[in-house]
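Chain order of the listed sequences is L, Y and R.
Once you know that position 154 of the first sequence is 154 in the numbering used here, the rest is easy, because the numbers rise by one and skip nothing.
Once you know that position 185 of the second sequence is 1185 in the numbering used here, the rest is easy, because the numbers rise by one and skip nothing.
Once you know that position 50 of the third sequence is 2050 in the numbering used here, the rest is easy, because the numbers rise by one and skip nothing.
All C-beta atoms, glycine included, are put in the ideal place defined by N, C-alpha and C.
Note that the structure is predicted; figures quoted are calculated from it, not measured.
Everything on this sheet refers to the single structure shown next.
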Amino acid sequence: MSDIDSDAVLECRDLRKYYRPSGRKWRGDAGIVRAVDGVSLSVRRGETLGIVGESGCGKSSLANAVLMLDPPTSGEVLFRGQDLTKVSDRELRKVRRRLQVVFQDPYASLNARMTVEQIVAEPLVVHGEVRSRAERAVRVGEALERVGLSSGDAARHPFEFSGGQRQRIGIARALISSPEVVICDEPVSALDVSVQAQVLNLLQDLQAERNLSYLFISHDLSVVSQLVDRVAVMYLGRIVEVGSVAEIFREPKHPYTRALLAAVPSRRRGGGSRTVLAGDVPNPAAPPSGCTFHPRCPLNDGVLCAETAPELRLLGDRQEAACHHPLLDAAAPVGVRPH
Amino acid sequence: MTSTINSGPRENGAAPKPLLEVENLRVSFQLAQRTIDAVRGVSFAVQPGEAVGILGESGSGKSVTGRALMGILKSPPARVTADRMQFLGKDLDQVRRERRRSDGSGQPIAMIFQNPFTALNPVFRVGNALTEVLVTRRGMTAAQARTEAVRLLDAVRIPNAAKRIKSYPHEFSGGMQQRIMIALALALNPDVLIADEPTTALDVTVQAQILTLLRELQQERQMGLIFISHDLDVVSEVVTRVYVMYGGRIVESGPVDSIYADSRHPYTRGLLLSAPTPGVHKKRLVAIAGSPPEAGATPPGCPFHPRCPHQTDVCREEMPPLLPAADGPGVAACHHAEQLPRLEVETHV
Amino acid sequence: MRRTDITPEQPVLVDVVTEPVAPPAQVRRTRMKLLRHMSPMSKIGLVVVGVIVLLALAAPLLAPFDPLAPSASRLAGPSGTHFFGTDLYGRDVLSRMLIGARVSVMVGFVVTLSALVIGGTLGCVAGFVGGAADAVVSRITEVLLAVPGVLLAIAIVATLGSGVWNVCIALTLGQAPIMIRVVRSSTLALRERPFVRAAHAVGATRLRILFRHIAPYVLGVAAVQGTFVFAHAILYEAALSFLGIGVKPPDPTWGNMISESRAFLSVQPWNAIFPGLAITLLVLGVNFLGDGLRDLVDPENQERS
Chain L
1 MSDIDSDAVL ECRDLRKYYR PSGRKWRGDA GIVRAVDGVS LSVRRGETLG
51 IVGESGCGKS SLANAVLMLD PPTSGEVLFR GQDLTKVSDR ELRKVRRRLQ
101 VVFQDPYASL NARMTVEQIV AEPLVVHGEV RSRAERAVRV GEALERVGLS
151 SGDAARHPFE FSGGQRQRIG IARALISSPE VVICDEPVSA LDVSVQAQVL
201 NLLQDLQAER NLSYLFISHD LSVVSQLVDR VAVMYLGRIV EVGSVAEIFR
251 EPKHPYTRAL LAAVPSRRRG GGSRTVLAGD VPNPAAPPSG CTFHPRCPLN
301 DGVLCAETAP ELRLLGDRQE AACHHPLLDA AAPVGVRPH
Chain Y
1001 MTSTINSGPR ENGAAPKPLL EVENLRVSFQ LAQRTIDAVR GVSFAVQPGE
1051 AVGILGESGS GKSVTGRALM GILKSPPARV TADRMQFLGK DLDQVRRERR
1101 RSDGSGQPIA MIFQNPFTAL NPVFRVGNAL TEVLVTRRGM TAAQARTEAV
1151 RLLDAVRIPN AAKRIKSYPH EFSGGMQQRI MIALALALNP DVLIADEPTT
1201 ALDVTVQAQI LTLLRELQQE RQMGLIFISH DLDVVSEVVT RVYVMYGGRI
1251 VESGPVDSIY ADSRHPYTRG LLLSAPTPGV HKKRLVAIAG SPPEAGATPP
1301 GCPFHPRCPH QTDVCREEMP PLLPAADGPG VAACHHAEQL PRLEVETHV
Chain R
2001 MRRTDITPEQ PVLVDVVTEP VAPPAQVRRT RMKLLRHMSP MSKIGLVVVG
2051 VIVLLALAAP LLAPFDPLAP SASRLAGPSG THFFGTDLYG RDVLSRMLIG
2101 ARVSVMVGFV VTLSALVIGG TLGCVAGFVG GAADAVVSRI TEVLLAVPGV
2151 LLAIAIVATL GSGVWNVCIA LTLGQAPIMI RVVRSSTLAL RERPFVRAAH
2201 AVGATRLRIL FRHIAPYVLG VAAVQGTFVF AHAILYEAAL SFLGIGVKPP
2251 DPTWGNMISE SRAFLSVQPW NAIFPGLAIT LLVLGVNFLG DGLRDLVDPE
2301 NQERS
């Protein structure tokens, strides 16, 4: 685990979120889903940290835990040094002004019965930032213009807009209270390809303008690399590797990261065969022992990997990987088990 | 129209019959208040053993095209017309009917869909789902069907096929379910497989497995493959030729490598420029303005013109015809195709 | 919309600010248009219920004869003066029916409103807060629902005594659990919806989320259920009065009118037919209305993308 980062505006320390199967409390640990299993990360001011992983890796649970929407089972969430897991509800609500979120589904994350103005103004209303309807209208108008809509749209309802525009409305809502950190939970996954770029550009511009920090969650490696400075790769609730975009994409040290990169389809590669990772993502309720990746890992040594879960170790400038046999030689081709 | 489309290698001076040939396909949906023209005159062909892609976003009509080919659109409200829809030179509907009557020959075209879980009946064991198809459509006996079912599961690389025949769909992961769906499609012994966004709902590592599987199966069986997707990277991994659809029409088509290297249509170029590349950091993406039109709500003239930076009056009024590029193997439907300068394509990261 | 002047020579696709979508294909629904979207059956239901309610309200003015006093020969059939005939005591059936309508309608409204208020509040709290409150409410609800409706009503009225107010209490106790259940499940589902989570993330208090985000959607569902509660209330009141433990004669109610006419069915079936038809008509009308409301509430809330 890296040293405490004093520049960090958002930090998690050994964050865990476990779900028990519903119904009776089972005896013992059988069936517990370890959605987030000891995650520590930090985001500096003005920086974007990307979280990538496939389904079941826990990235959405991580977002919910950081936002304290589903409070974590254990661990700390530090926002500007303040531990959100220990503050009162009232204090937490105040913090929310500065810690905002953009959700994945542009259709469901806006209340269909409210006007755009009511939706976008909600943070202002909730925190008492405006004193009159006129002032509210002005602030909403500004926010809408900044995200590329017009202030006249304030009186309309969400269903009158396309997916990309609704996502902009969501972004306007997230930004209107001038937050410092915005969690982006798959913000472009539900959008058409030709619209994704618009929203990504918008997010990039806003970050530059306001020195925002983003925690950017996505399953799409191309999208992530576009926007983020550093990337953390998650697998079954743990971070297996973290580093800068260049480090991760050019010199991945963890076999899973390498397999993930190899699996990304690319028009530049052209057709033809390519070694792919075998097997499926294991059931989060019954993870493999030791290193959870070992059953699928071409570097599995059968002994250490099956018994002991590796810790994140610093391997580069700021690059860390959790592997007993990290790929230190970037040039060597990886013997990923062909399928 | 079809003469401009790339046909296969010519031997002995005789043109090989395309596996599938569609000319001027139109699909409209008759609703209470209005008619939606989802597909507005689409023509394409698939040669034996060839993999073609249909690339498009929502509202482009790509899925409707696939379903129209399969003949599974509910009619009414759908109305499907085409100048020609032929399988190896014979009318497609007729071939389907003939094969349905006889035993053993399955169907000319089979289809796999995006969400495998909803396509598999949860109360049927996987083996039963397969044997049902084999008995009713291939005229096999129960015993033959059982053997063939195991063989099919093996062909799609499901480990322990003989045992897993007895499992239910929910006992499989998403990737495996998709393989089962492919097995079901193969059970029909098709000559053409239509894959409608088969990997969109899957994780990227599983997607890679499925794409590899599809490629291998296609080559082993010399099947035609029509791969429908919105993802231009995925498409490029699987097909050799691509048709780009927008607003119910084909706006560009040709060999996938040359189209991606030097597209002659502003929409395709926009897609290529706006798709982020893995590992490329903080380069500002060139975005296409606006949103794709909803099916049936396409503007007059060229369907792309409201979003096109090159639009002129003629674009607003007249639908551009699909014409061969002056210096390339593809065809494009743009009034200004010739004036588009060469695309700056990035090489490696 | 900012856009530089592009000529075909300029290849670059400028990142143009999007413009709003053209007027939506989906026409904005105002309240007036809602009525137009109701199915024909539900409009019929609305009319039937409306007419009966109006008649009930105006009953004292409309009744041609005193409902409690004999006014003609007994057990007469429908005639020019007595449109629905007379009953075993010679009282005008039409007048009694009009006054009886007041009871039915009143019981219907009282029970429905009570069930909505009690059931709605408890269901919302149970669904939203969860935990111990939910456990308590759910167990009580389950106990009450375990007993068949009519039996429960009979049991309560037998304990409390007859009379219209006790009937209302009994029926409320029987209907509120259903309302609790409907409201609770609706609240539970809504609680997890992204826009509610968004409100939470923005910093809204739980109270605000409840009233501003959840309640509007739940109200629709509750209203639909309310119509069915209304129908049940009328039916059960009639049943209780028929059995002789609800509203007792000589005060007329459709239920006890049927009861009184039982002995003379072979002689004068109209005495039973008219009240029976009235009950059927009102209950059917309410049901159609409820169906229509439900069709409005559900698809309206779905997003059309």
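>> Check whether chain Y comes within 8 Å of L:Leu206, counting only Cβ atoms and requiring the distance to be less than that.
In response: Stepping through the first sequence from its first residue, residue 206 of chain L is reached at position 206. No, L:Leu206 does not count as interfacial toward chain Y.
>> Taking its Cβ as the centre, do 16 or more other Cβ atoms sit within 10 Å of L:Val138, making it buried, or is it exposed?
In response: Stepping through the first sequence from its first residue, residue 138 of chain L is reached at position 138. L:Val138 comes out exposed.
>> When you compare the CB positions of L:Ser109 and R:Ala2198, do they come within less than 8 Å of one another, or not?
In response: Locating residue 109 of chain L in the first sequence gives position 109, counting from the first residue. Locating residue 2198 of chain R in the third sequence gives position 198, counting from the first residue. Taking 8 Å as the Cβ cut-off, L:Ser109 and R:Ala2198 qualify as a contacting pair.
> Just reading off the beta strand (DSSP E) that Y:Met1085 is part of, what are its end residues?
Replying inline: Residue numbering aside, residue 1085 of chain Y sits at position 85 when the second sequence is read from its first letter. Y:Met1085 -> beta strand (DSSP E) spans 1084-1087.
> What residues in its chain sit with their C-beta under 7 Å from that of R:Phe2288, if we drop five residues either side in the sequence?
Replying inline: Start at 1 with the first residue of the third sequence, and residue 2288 of chain R comes out as number 288. Excluding residues within five positions, the ones whose Cβ falls inside 7 Å are Met2041, Ser2042, Ile2044, Gly2045.
> Going along chain L in order, which residues have a C-beta closer than 8 Å to the C-beta of Y:Arg1284?
Replying inline: Taking the first residue of the second sequence as position 1, residue 1284 of chain Y is located at position 284. The contacting residues are Asn201, Gln204.
>> Excluding the 5 residues flanking Y:Gln1339 on each side, which residues of the same chain have their C-beta closer than 6 Å to its C-beta?
In response: Residue mapping note: residue 1339 of chain Y aligns to position 339 of the second sequence, counting from 1. Closer than 6 Å at Cβ, skipping near neighbours: no residue.
>> Restricting to Cα atoms, I'd like to know which of R:Ala2231, R:Ser2241, R:Val2125, R:Thr2121 is closest to R:Val2049.
In response: Taking the third sequence and counting its residues from 1, the one referred to as residue 2049 of chain R is at position 49. Answer by Cα proximity: R:Ala2231.
>> Give the list of continuous alpha helix (DSSP H) stretches no shorter than 4 residues that lie fully inside the segment 1036-1122 of chain Y.
In response: 1062-1070, 1092-1101, 1116-1119
> According to the Cβ coordinates, are L:Ile239 and L:Leu299 closer than 8 Å?
Replying inline: On the first sequence, residue 239 of chain L is found 239 positions in, with the first residue counted as 1. On the first sequence, residue 299 of chain L is found 299 positions in, with the first residue counted as 1. In this structure, L:Leu299 does not lie closer than 8 Å to L:Ile239 by Cβ.
> When Cβ atoms are compared, which residues of the segment 1265-1282 of chain Y fall closer than 9 Å to chain L?
Replying inline: Tyr1267, Gly1270, Leu1271, Leu1272, Leu1273, Ser1274, Ala1275, Pro1276, Thr1277, Pro1278, Gly1279, Val1280, His1281, Lys1282
> Listing by chain order, which chain Y residues have their CB less than 9 Å from the CB of L:Leu120?
Replying inline: Translated into the one-based positions of the first sequence, residue 120 of chain L becomes position 120. Correcting the residue identity first, residue 120 of chain L is Val in this sequence and not Leu. Chain Y residues near L:Val120: none, gap ~20 Å exceeds 9 Å.
> Applying a beta-carbon distance threshold of less than 9 Å, which residues of chain L neighbour Y:His961?
Replying inline: Coverage of chain Y is limited to positions 1001 through 1349, which leaves residue 961 of chain Y absent and any answer about it impossible.
> Hey, is Y:Ile1288's beta-carbon within less than 8 Å of any beta-carbon in chain L?
Replying inline: Translated into positions along the second sequence, residue 1288 of chain Y becomes position 288. Answer yes: the Cβ-Cβ gap between Y:Ile1288 and chain L drops below 8 Å somewhere.
> For L:Phe293, which residues in chain R fall below 7 Å Cβ to Cβ?
Replying inline: Within the first sequence, residue 293 of chain L is the residue found at index 293, counting from 1. Result: empty, since nearest Cβ-Cβ is about 31 Å, beyond 7 Å.
> Going by the CB atoms, is the gap between L:Leu215 and L:Leu347 shorter than 8 Å?
Replying inline: Lying outside 1 to 339, the shown extent of chain L, residue 347 of chain L is not represented and no answer is given.
> Whose C-beta lies closer than 6 Å to the C-beta of R:Gly2285 among residues of the same chain, with five residues either side of it excluded?
Replying inline: Numbered from its first residue, the third sequence carries residue 2285 of chain R at position 285. The residues are Gly2045, Val2048, Val2049.
> In terms of residues, what are the limits of the alpha helix (DSSP H) holding R:Asp2251?
Replying inline: Here residue 2251 of chain R corresponds to residue number 251 of the third sequence, with the count starting at 1. No alpha helix (DSSP H) contains R:Asp2251, which DSSP labels as neither H nor E.
>> Which same chain residues end up closer than 8 Å to Y:Gly1328 when comparing Cβ atoms and leaving out the 5 residues on each side of it in sequence?
In response: Numbered from its first residue, the second sequence carries residue 1328 of chain Y at position 328. For Y:Gly1328, where only same-chain residues beyond five positions count, the Cβ hits under 8 Å are Gly1254, Ser1258, Asp1262, Arg1264.
> Exposed or buried, which one is L:Ala232 when buried takes at least 16 other CB atoms within 10 Å?
Replying inline: On the first sequence, position 232 is the one that residue 232 of chain L refers to. Burial call: buried.
> From the beta carbon of Y:Val1135, is the nearest beta carbon of chain L less than 8 Å away?
Replying inline: The sequence position of residue 1135 of chain Y within the second sequence is 135, counting from 1. Cβ-Cβ to chain L under 8 Å: no for Y:Val1135.
>> Need the endpoints of the alpha helix (DSSP H) that R:Gly2045 sits in, please.
In response: The residue you call residue 2045 of chain R lines up with position 45 of the third sequence. Counting along the chain, the alpha helix (DSSP H) containing R:Gly2045 begins and ends at 2040-2062.
>> Taking 8 Å as the threshold (C-beta atoms), are Y:Val1022 and Y:Met1085 in contact?
In response: Taking the second sequence and counting its residues from 1, one reaches residue 1085 of chain Y at position 85. Taking the second sequence and counting its residues from 1, one reaches residue 1022 of chain Y at position 22. Result yes, Cβ atoms of Y:Met1085 and Y:Val1022 sit closer than 8 Å.
> When you compare only the Cα positions, how much space is there between L:Tyr107 and R:His2213?
Replying inline: Taking the first residue of the first sequence as 1, we reach residue 107 of chain L at position 107. Taking the first residue of the third sequence as 1, we reach residue 2213 of chain R at position 213. Between L:Tyr107 and R:His2213, the C-alpha separation is close to 15 Å.
> So R:Gly2149 is in the alpha helix (DSSP H); what residue range does that whole segment cover?
Replying inline: Looking up residue 2149 of chain R in the third sequence gives position 149. Run containing R:Gly2149: 2149-2160, per the alpha helix (DSSP H) assignment.
>> Counting only Cβ-Cβ distances shorter than 8 Å, please list the residues of the segment 37-48 of chain L near chain R, keeping chain order.
In response: none
>> Quick check: the Cα distance between L:Val95 and Y:Phe1113, rounded to an integer number of angstroms?
In response: Residue mapping note: residue 95 of chain L aligns to position 95 of the first sequence, counting from 1. Residue mapping note: residue 1113 of chain Y aligns to position 113 of the second sequence, counting from 1. Rounded to whole angstroms, L:Val95 to Y:Phe1113 spans 45 Å at the Cα level.
> For the segment 1201-1212 of chain Y, which residues have a beta carbon sitting closer than 8 Å to at least one beta carbon of chain L?
Replying inline: Asp1203, Val1204, Thr1205, Val1206, Gln1207, Ala1208, Gln1209, Leu1211, Thr1212
> Using a beta-carbon distance below 8 Å, is L:Ser244 in contact with chain R?
Replying inline: Along the first sequence, read from residue 1 onward, the residue named residue 244 of chain L stands at position 244. Judged by the 8 Å Cβ criterion, L:Ser244 is not in contact with chain R.
>> Which complete beta strand (DSSP E) runs does the segment 1126-1197 of chain Y hold, if anything under 3 residues is left out?
In response: 1192-1196
> Tell me which same chain residues have a C-beta within less than 8 Å of the C-beta of R:Val2221, skipping the five on either side of it?
Replying inline: By one-based count along the third sequence, residue 2221 of chain R stands at place 221. Contacts found: Val2182, Val2183, Ser2186, Val2297.
> Which whole-angstrom value describes the C-beta separation of R:Ala2170 and R:Leu2160, a residue pair presumed to lie in contact below a C-beta threshold of 8 Å?
Replying inline: By 1-based counting over the third sequence, the position of residue 2170 of chain R is 170. By 1-based counting over the third sequence, the position of residue 2160 of chain R is 160. Right, the Cβ-Cβ distance comes to about 7 Å (below 8 Å), so this counts as a contact.
>> Just verifying my parser: in three-state terms, what is the DSSP assignment at L:Ile239?
In response: Locating residue 239 of chain L in the first sequence gives position 239, where the first residue counts as 1. Reduced to three states, the DSSP call for L:Ile239 is strand.
> Nearest to L:Arg44 by CA position, among L:Leu212, L:Val223, L:Ala322, is which residue?
Replying inline: One-based indexing of the first sequence puts residue 44 of chain L at position 44. For the residues L:Leu212, L:Val223, L:Ala322, the minimum Cα distance to L:Arg44 belongs to L:Leu212.
> Using the rule of at least 16 other Cβ atoms within 10 Å of the residue's Cβ for burial, across every protein chain shown, is L:Leu15 buried or exposed?
Replying inline: Translated into the one-based positions of the first sequence, residue 15 of chain L becomes position 15. Looking at its Cβ environment, which holds 16 or more other Cβ atoms inside 10 Å, L:Leu15 is buried.
> So what does DSSP say about L:Ala172, is it helix, strand or coil?
Replying inline: On the first sequence, residue 172 of chain L is found 172 positions in, with the first residue counted as 1. Three-state result, L:Ala172: helix.
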